[in-house]
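**Q** Structure provided below as structure tokens; questions to follow.
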Amino acid sequence: MSETNIVLITGANRGIGYGVARNLAKQHAEYLVIIGSRDAAKGQEAASALNGEGLSVTSVKIDVTSDESISAAKAYIKEKYGRLDVLINNAGIALDVKDRGKYPLREMMKRTYEVNVFGAAAVTEAFIPLLEKSKNPRIVFTSSTVGSLERASDPTNPWATAPIPAYSTSKAALNMLMVYYANILREKGFKVNASCPGYIGTNLNSYRGTGTLDEGAANLIRLATLGKDGESGTFSTAQGPRPW
552 MSETNIVLIT GANRGIGYGV ARNLAKQHAE YLVIIGSRDA AKGQEAASAL
602 NGEGLSVTSV KIDVTSDESI SAAKAYIKEK YGRLDVLINN AGIALDVKDR
652 GKYPLREMMK RTYEVNVFGA AAVTEAFIPL LEKSKNPRIV FTSSTVGSLE
702 RASDPTNPWA TAPIPAYSTS KAALNMLMVY YANILREKGF KVNASCPGYI
752 GTNLNSYRGT GTLDEGAANL IRLATLGKDG ESGTFSTAQG PRPW
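Going letter by letter, the sequence shown gives residues 552 to 795 in my numbering.
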């Protein structure tokens, strides 16, 4: 499959990840999309639904909180495809949005960071060797503007006082993680960026968001399909760069 771009999207059996998988496969026939899902059956179901639309999509089980699961997914992709061209670190949770009050603060922070930050770091680190085999390796992180320190420092910003300390700080940390990988991988030709999809109605926010999956997916897809002269180390939305 030398002419096909292999892309893995974590947390893609629903929500933003599913929207990216669907639109990427529809808009770019030269991409084979692998839906990453911690529940193998749900991943297969999502892939089958997109196959029914005539799209080139498959699935793999990957739980970003499990090193064993990450290693198994890496081994599968290595054996089947030999490389990875694009990694989209999309898996994420927002316990202080969806399950507010369910956990004590310390537990809520630990669980959130385990997925949103530690999971993204572990997956990225594991797949770098396969990405190095690509002619044009790209890594994209699904972030959020609520992680912007500049925006949070503005007292007129209504999100500045939103009771989401676990989610917002995890996205600030994720942006730093993205910059780190952009820096250390720049000489190897990697394009590493982060995108805020916007306030999209998904299970993560109990479908309170007002944007559509197509809108949320647009900039993630742009970054996933960058050419060799594309940007790296940036944080943006479909409307343009976002403040750090």
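Note that beta-carbon positions come from the ideal geometry of N, C-alpha and C, so glycine has one too.
Tell me, please, which residues DSSP counts as bridged to P792.
**A** The residue labelled residue 792 in the question sits at position 241 within the sequence shown. Per DSSP, S787.
**Q** List the endpoints of the continuous beta strand (DSSP E) containing V730.
**A** As a first step, residue 730 must be located in the sequence shown, where it is residue number 179. No beta strand (DSSP E) holds V730; the alpha helix (DSSP H) holding it covers P716 to L736.
**Q** Could you spell out where the beta strand (DSSP E) holding T763 opens and where it closes?
**A** Translated into positions along the sequence shown, residue 763 becomes position 212. Looking at the DSSP string, T763 is not in any beta strand (DSSP E), and its letter there is neither H nor E.
**Q** Comparing C-alpha positions only, which one of L728, F669 and Y632 sits nearest to K684?
**A** The residue you call residue 684 lines up with position 133 of the sequence shown. The shortest Cα separation from K684 among L728, F669 and Y632 belongs to Y632.
**Q** By a C-beta neighbour count over all protein chains shown, 10 Å radius and 16 as the cutoff for buried, is D614 buried or exposed?
**A** To locate residue 614, count along the sequence shown from 1; it is residue 63. So D614 counts as buried.
**Q** Does the ligand FMN have a heavy atom nearer than 8 angstroms to the CB of S620?
**A** No copy of the ligand FMN appears in this structure; indeed no ligand is present at all.
**Q** Can you grab the Cα-Cα spacing for the pair A789 / E596, in whole Å?
**A** On the sequence shown, residue 789 is found 238 positions in, with the first residue counted as 1. On the sequence shown, residue 596 is found 45 positions in, with the first residue counted as 1. Taking the straight line joining both Cα atoms gives about 29 angstroms.
**Q** Would you call the segment 765-774 and the segment 573-581 in contact, with 3 or more CB pairs under 8 angstroms?
**A** yes
**Q** Since R634 is in the alpha helix (DSSP H), which residue starts that stretch and which ends it?
**A** Here the question's residue 634 lines up with position 83 in the sequence shown. Note, R634: premise wrong, no alpha helix (DSSP H); not H, not E.
**Q** If you run the structure through DSSP and keep just helix, strand and coil, what is G568?
**A** Indexing the sequence shown from 1 puts residue 568 at position 17. If DSSP states are grouped into helix, strand and coil, G568 belongs with the helices.
**Q** Please go through the same chain and pick out, in chain order, the residues whose beta-carbon is closer than 7 angstroms to the beta-carbon of G570, but skip the five residues on each side of it.
**A** By one-based count along the sequence shown, residue 570 stands at place 19. Same-chain partners within the cutoff: L764, D765, G767 and A768.
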